[in-house]
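> Structure provided below as structure tokens; questions to follow.
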Amino acid sequence: MYKTIFFDLDGTLLPMDFNYFSTNYFGRLTKACSHVLDANTFPKHLWASTEAMIRDNCAEKTNQEVFMEDFIPRFNLPADQLMPLFDQFYATEFPELISCTSPTPLARKICQELVEKGYQLVLATNPIFPDAATAHRMRWAGIDDIPWALVTTYEHCHFCKPNPNYYHEILQRVGAKAEETLMVGNDTHEDLVARKLGIKTYLVKDNLIDHGEKDYETDFEGRLEDFLNFARQLPKLKQP
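Number 1308 in this note's numbering belongs to position 222 of the sequence shown; there are no gaps in the numbering.
Laid out in structure tokens, this is it:
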């Protein structure tokens, strides 16, 4: 029996074409910083430091620390001058990226259904974004006031998808057992890798990201609307 359900955000609870979203995101961020940083090299440095964060497997450093240690030395500006540019962007420019997404009321209906039944919910979005960016996307999806047991962001996590240690860390932090957990996501690699820990998976195919792994395995699959029906059929958990 499931007791905990992990949800991916981008492309799952918040429908979007992630390539389109990320292209616009990086483009806007580059423009917002172009008065201080070279617009030709900035995107390359941003991608390189993001990739360094994704590859890292050090449990002693948060994703934010790994990113900063790689990113800051690439520029001739100290962190206290560079980072306010990002803070300003997330406060003023990032909210406009809602136009690159297609929010659906299904996301809130699903979460409310499961909360009412007593399931522990985790927003297992890839922690390559800061708190501010994640909070915006949660509001767009209409799930910002859901009682999440954990929301993964780069300030607080030590691993990224598709590293299995990302899922292991979540299990430990929320006190969940792998065999009592379901991961719901749209990425055949980043989300289905949770199966390596014994976590069951549900592949949401509305905005499917298929890495060409034609032999991928999942326990369940369907559209987000199908998952709502799946959630409605789950039993209500007994309260302790």
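We put the CB at the ideal spot given by N, CA and C, even for glycine. These figures come from a predicted structure and were not determined experimentally.
Please confirm whether Lys-1263 and Asn-1212 have their CB atoms less than 7 angstroms apart.
No, Cβ-Cβ distance for Lys-1263 and Asn-1212 is not below 7 angstroms.
> Kindly indicate the opening and closing residues of the alpha helix (DSSP H) around Thr-1287.
That residue, Thr-1287, is in no alpha helix (DSSP H); its beta strand (DSSP E) goes 1286 to 1290.
> Taking 6 angstroms as the limit between beta carbons, can you name the residues of its chain near Phe-1153, skipping five residues before and five after?
Same-chain partners within the cutoff: Ser-1135, Met-1139.
> Name the DSSP bridge partner or partners of Gly-1261?
Gly-1261 pairs with nothing; no bridge assigned.
> Considering only the alpha carbon of each residue, which of Asp-1094, Pro-1101, Asp-1292 lies closest to Trp-1226?
For Trp-1226, the nearest C-alpha among the options comes from Pro-1101.
> Helix, strand or coil: which one does DSSP assign to Val-1152?
In this structure, Val-1152 counts as helix in the three-state DSSP scheme.
> Taking its Cβ as the centre, do 16 or more other Cβ atoms sit within 10 Å of Thr-1127, making it buried, or is it exposed?
So Thr-1127 counts as exposed.
> Quick one: what's Glu-1307 bridged to in DSSP?
Its beta-bridge partners are Leu-1289.
> Pro-1129 and Thr-1116 - do their beta-carbons sit closer together than 7 angstroms?
For Thr-1116 and Pro-1129, yes; Cβs fall inside 7 angstroms.
> Is Phe-1093 helix, strand or coil when you go by DSSP?
DSSP places Phe-1093 in strand when its eight states are reduced to three.
> Measure the Cβ-Cβ separation of Phe-1180 and Ala-1118 and say whether it is below 7 angstroms.
Contact flag unset, no.
> Which complete alpha helix (DSSP H) runs does the region 1199 to 1249 hold, if anything under 4 residues is left out?
Segments of the alpha helix (DSSP H) lying fully in the region 1199 to 1249: 1217 to 1227.
> On the premise that Ile-1184 lies in contact with Leu-1168, defined as a C-beta separation below 8 angstroms, what is that separation, rounded to the nearest angstrom?
With 8 angstroms as the limit, Leu-1168 and Ile-1184 do not qualify as a contact, their Cβ atoms being about 26 angstroms apart.
> Counting Cβ pairs, one atom from each stretch, are 3 or more of them under 8 angstroms apart for the region 1264 to 1274 and the region 1228 to 1240?
Not touching, per the Cβ criterion.
> From Arg-1259, Asp-1231, Leu-1099, Leu-1171, pick the residue whose C-alpha is nearest to that of His-1121; which is it?
Residue Leu-1171 is the option with its Cα nearest to His-1121.
> Suppose the cutoff is 6 angstroms on Cβ atoms and the five residues either side in sequence are ignored; what does the same chain contact list for Ala-1218 look like?
So the qualifying residues of the chain are Tyr-1176.
> Would you mind sorting Cys-1144 into buried or exposed? The rule is 16 or more other CB atoms within 10 Å of its CB.
By the neighbour-count rule (16 or more Cβ atoms within 10 Å), Cys-1144 is not buried but exposed.
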